[in-house]
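Notes for the one structure printed next.
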Amino acid sequence: MVSAVILMLIALVALFPDFFSTQAPHKTNARESFIPVQGMHLFSEEGLGLHAYQVVGKRNPTTLKMEWRADGDKIIPLGFFVKGYEYSVFGLFNSSRHLIGPKDSSSRERVHFLGTDRLGRDQWSRLAHGTRVSLSIGLVAVMFSIIIGIVLGGISGYYGGWVDMVIQRLIEILQSLPPIPIWMALTASLPRDWSVEQTYFAITIILSLIGWTTLGREVRGRFLALREEDFVTAAKLSGCSQMRIIFRHMLPAFTSHIIATSTLAVPVMIINETFLSFLGLGLRPPAISWGVLLQEAQNLQSVALAPWLLLPGIAVILTVLALNILGDGLRDAADPYN
Numbered sequence: 013m014v015s016a017v018i019l020m021l022i023a024l025v026a027l028f029p030d031f032f033s034t035q036a037p038h039k040t041n042a043r044e045s046f047i048p049v050q051g052m053h054l055f056s057e058e059g060l061g062l063h064a065y066q067v068v069g070k071r072n073p074t075t076l077k078m079e080w081r082a083d084g085d086k087i088i089p090l091g092f093f094v095k096g097y098e099y100s101v102f103g104l105f106n107s108s109r110h111l112i113g114p115k116d117s118s119s120r121e122r123v124h125f126l127g128t129d130r131l132g133r134d135q136w137s138r139l140a141h142g143t144r145v146s147l148s149i150g151l152v153a154v155m156f157s158i159i160i161g162i163v164l165g166g167i168s169g170y171y172g173g174w175v176d177m178v179i180q181r182l183i184e185i186l187q188s189l190p191p192i193p194i195w196m197a198l199t200a201s202l203p204r205d206w207s208v209e210q211t212y213f214a215i216t217i218i219l220s221l222i223g224w225t226t227l228g229r230e231v232r233g234r235f236l237a238l239r240e241e242d243f244v245t246a247a248k249l250s251g252c253s254q255m256r257i258i259f260r261h262m263l264p265a266f267t268s269h270i271i272a273t274s275t276l277a278v279p280v281m282i283i284n285e286t287f288l289s290f291l292g293l294g295l296r297p298p299a300i301s302w303g304v305l306l307q308e309a310q311n312l313q314s315v316a317l318a319p320w321l322l323l324p325g326i327a328v329i330l331t332v333l334a335l336n337i338l339g340d341g342l343r344d345a346a347d348p349y350n
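First residue of the sequence shown: 13, per the working numbering; consecutive thereafter.
See below:
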């Protein structure tokens with residue numbers, strides 16, 4: 013139950029990242045680089061009210077590093093459903109409402125709940141937009157894997173013979189190859205001048221082309237067992253076509269198992285995309301994903317200066333754990349022998 017609630021909240025952020033953001037994700041400000049995390053407070057000398065303290069920076073004359081600190085005398089009142097930058101909601105209408113932010117939208121005061129990066133970009137806003145990209149890549153890649161696994165696994169199990177032999181040898185060849193080097197080689201071969209959308213779909217297809225083999229074998233095994241069942245024989249005698257028998261009668265018999273398996277496959281795809289983007293072989297700026305955000309934390313100097321750059325890693329861990337727990341629960345619920 014807890015994992016389902018966490019995933020629902022993450023899904024809301026992925027669906028409406030602009031609504032949850034406090035600033036435009038690509039907005040830069042060199043004067044606000046590496047601002048630390050700004051917390052929210054309820055109590056102040058002025059009374060009760062949600063607020064944050066404005067941060068002021070001063071350059072250290074010895075290290076020449078900008079040092080930021082919260083100024084307790086400068087309060088930024090915060091409110092819900094405040095006005096901010098304008099954005100489009102699924103291309104249907106425009107809105108400028110945001111879940112939380114400074115009450116006075118006309119002022120130059122800004123809050124950075126997760127700090128900023130070296131270009132002064134708001135980390136919370138970028139994390140919200142990265143959630144959409146990373147989750148969607150995982151879901152779309154798993155969807156493609158399901159389609160390929162069901163079609164090839166179903167054909168292999170239903171027809172058998174030489175068709176089964178060819179498909180199973182293909183699966184064995186793909187499973188014998190180390191997936192990570194293959195993914196790295198394929199993504200590294202993508203042209204650098206491709207747009208963000210082209211790279212996005214190319215990475216999704218690359219991840220799904222190797223990720224379907226396990227499901228394909230499971231579907232094949234189920235079809236081998238189901239094709240001798242009485243309801244399949246009855247469907248054949250009633251004159252149903254082979255495609256109708258496969259997709260209308262046999263496939264629904266273990267749909268719950270496919271759903272559980274797919275839920276466990278999504279975190280694997282998310283980790284793979286994050287891993288490739290972190291190494292610079294997946295999505296690249298100006299695209300925003302969890303892996304792209306973690307590129308900022310590749311060296312110890314950046315982490316020492318701004319440890320909050322590692323926060324996208326916590327989002328990855330939280331999402332993967334929640335999906336795994338939910339997938340384990342669905343798998344146990346779908347197991348008739350449990």
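Glycine included, each C-beta is placed from N, C-alpha and C at the ideal position.
In summary, glutamine 50 is buried, with 16 or more beta-carbon neighbours lying within 10 Å of its beta-carbon over all protein chains present. With 16 or more other CB atoms across the displayed protein chains lying within 10 angstroms of its CB, proline 114 is buried.
Isoleucine 88 is bridged by DSSP to Ala64. Going by DSSP, asparagine 106 is part of the beta strand (DSSP E) stretching over 105–114.
For glycine 96, the secondary structure class from DSSP, reduced to helix, strand or coil, is strand. Contact annotation: arginine 122 and isoleucine 300 have beta-carbon atoms that are not nearer than 8 Å. DSSP places histidine 53 in the uninterrupted beta strand (DSSP E) bounded by 53–56. Rounded to whole angstroms, the separation of the alpha carbons of valine 14 and valine 328 is 17 Å.
Bounds of the alpha helix (DSSP H) holding leucine 147 are 135–171. Aspartate 205 carries a coil assignment under DSSP once its states are collapsed to helix, strand and coil. In the DSSP assignment, the residues bridged to tryptophan 80 are Gly69. A distance below 8 Å separates the beta carbons of threonine 216 and alanine 153.
Around phenylalanine 243, the same chain offers His261 as residues with beta carbons nearer than 7 Å, after the five sequence neighbours per side are excluded. Rounded to the nearest angstrom, the gap between the Cα atoms of isoleucine 326 and isoleucine 183 is 34 Å. Residue pairing for valine 25: DSSP places it in no beta bridge.
In this structure, DSSP gives glycine 341 a helical state, which the three-state scheme calls helix.
Assignment of threonine 275 by DSSP, reduced to helix, strand and coil, places it in the helix class. Put simply, the stretch 123–143 touches the stretch 25–35. At least three CB pairs are less than 8 Å apart.
Our two residues, alanine 197 and leucine 288, have alpha carbons roughly 10 Å apart in a direct line. Around the CB of arginine 81, fewer than 16 other CB atoms lie within 10 Å, so the residue is classed as exposed.
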